[in-house]
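Residue numbers (our numbering): 234 to 516.
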């Protein structure tokens, strides 16, 4: 499902058919991409050597959205976590393809308090946690070894089948308990905008790394207050920090859109599931 208008239309009526392999197609962005673009869905439990996959290669594009985002990783579970993330990426790159699209994250940048450009050579010493490192190593491996690589470093994703995040819960549940403090700062990007950028990249040959987000940040307290939501705050001080999406914004207007407008688009998509009373207003 990619947007309100085309959500119920078969992919073939909206976009030309492509031979694509899409990982993580059971939920989140992978689910949205598969609904929009068709192709072969790779989901947990499938083997990379599945005869269906090998028979369909070479692919016009491999779109790698799958991720093991487990919060707790220990010595006992670390290898499985690495296999689900970095090692799977290596195996996918070995499948013949004409383009490889990897959905990365802004978490590959260590906290600096400023926006970081895609081409900056920054010190990785402050980077912490298995999620950030496995995403970073996959990101770099794709750039070095995949054909026509496109790396999409995204902010907070909004769209169908997303995990029950703080913002999604606040928008759809009354009187919910949140983990985050009211000072938490967000930057949003919609599934359908990312998919449109993927298609544009396949059509026009865009390669390299792109920060995909919106313009500016939105405080959690502003979301709650302006939308008339009923929540109980936590204490964790989440802050995505400034985001530099100008490179992508020069190619697609969605990534130059203010973040508060992106959230309003998601509220429109939620329809009756939305429990608030209004829309966000700009500064």
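Backbone N, C-alpha and C define an ideal beta-carbon position, used for all residues, glycine too.
Just so you know, these numbers come straight off a predicted model, no measurement behind them.
Is it buried or exposed for residue i, if we count other Cβ within 10 angstroms and need 16 for buried?
| i | result |
| --- | --- |
| residue 269 | buried |
| residue 378 | exposed |
| residue 280 | exposed |
| residue 287 | exposed |
Quick check on residue i: does DSSP put it in helix, strand or coil?
| i | result |
| --- | --- |
| residue 430 | helix |
| residue 405 | helix |
| residue 472 | strand |
| residue 528 | In the structure as shown, the chain starts at 234 and stops at 516, and residue 528 therefore has no counterpart that could be examined. |
| residue 448 | strand |
| residue 392 | coil |
| residue 342 | coil |
| residue 268 | helix |
| residue 489 | helix |
| residue 509 | coil |
| residue 365 | helix |
Opposite residue i in the DSSP bridges: which residues?
| i | result |
| --- | --- |
| residue 292 | 330 |
| residue 335 | 297 and 384 |
| residue 410 | 465 |
| residue 255 | 274 and 296 |
In whole angstroms, give me the CA-to-CA distance for residue i and residue j.
| i | j | result |
| --- | --- | --- |
| residue 487 | residue 422 | 8 Å |
| residue 436 | residue 414 | 42 Å |
| residue 517 | residue 360 | The first residue shown for the chain is 234 and the last is 516, placing residue 517 beyond what the model contains. |
| residue 338 | residue 326 | 18 Å |
| residue 514 | residue 401 | 19 Å |
| residue 394 | residue 355 | 34 Å |
| residue 265 | residue 498 | 16 Å |
| residue 333 | residue 374 | 11 Å |
| residue 330 | residue 447 | 30 Å |
| residue 556 | residue 308 | Any property of residue 556 remains undetermined from this structure, which presents the chain solely from 234 to 516. |
| residue 473 | residue 346 | 9 Å |
| residue 317 | residue 275 | 13 Å |
| residue 315 | residue 370 | 10 Å |
| residue 516 | residue 258 | 37 Å |
Quick one: residues in its chain with C-beta nearer than 6 Å to the C-beta of residue i, no 5 flanking neighbours on either side, listed in chain order?
| i | result |
| --- | --- |
| residue 464 | 403, 409, 411 and 457 |
| residue 367 | 318 and 319 |
| residue 449 | 491 and 492 |
Closer than 8 Å by C-beta to residue i: which residues in its own chain qualify, once you throw out the five before and the five after it? Chain order, please.
| i | result |
| --- | --- |
| residue 480 | 350, 351, 443 and 444 |
| residue 438 | 381 |
For residue i, which residues in the same chain have their Cβ closer than 7 Å to its Cβ, ignoring the five residues on either side in sequence?
| i | result |
| --- | --- |
| residue 243 | Residue confidence is low: residue 243 scores 37 on pLDDT, short of 50, so the model does not pin down where it sits. Its coordinate-derived value is still stated next. Hits under 7 Å: none found. |
| residue 440 | 381, 382 and 383 |
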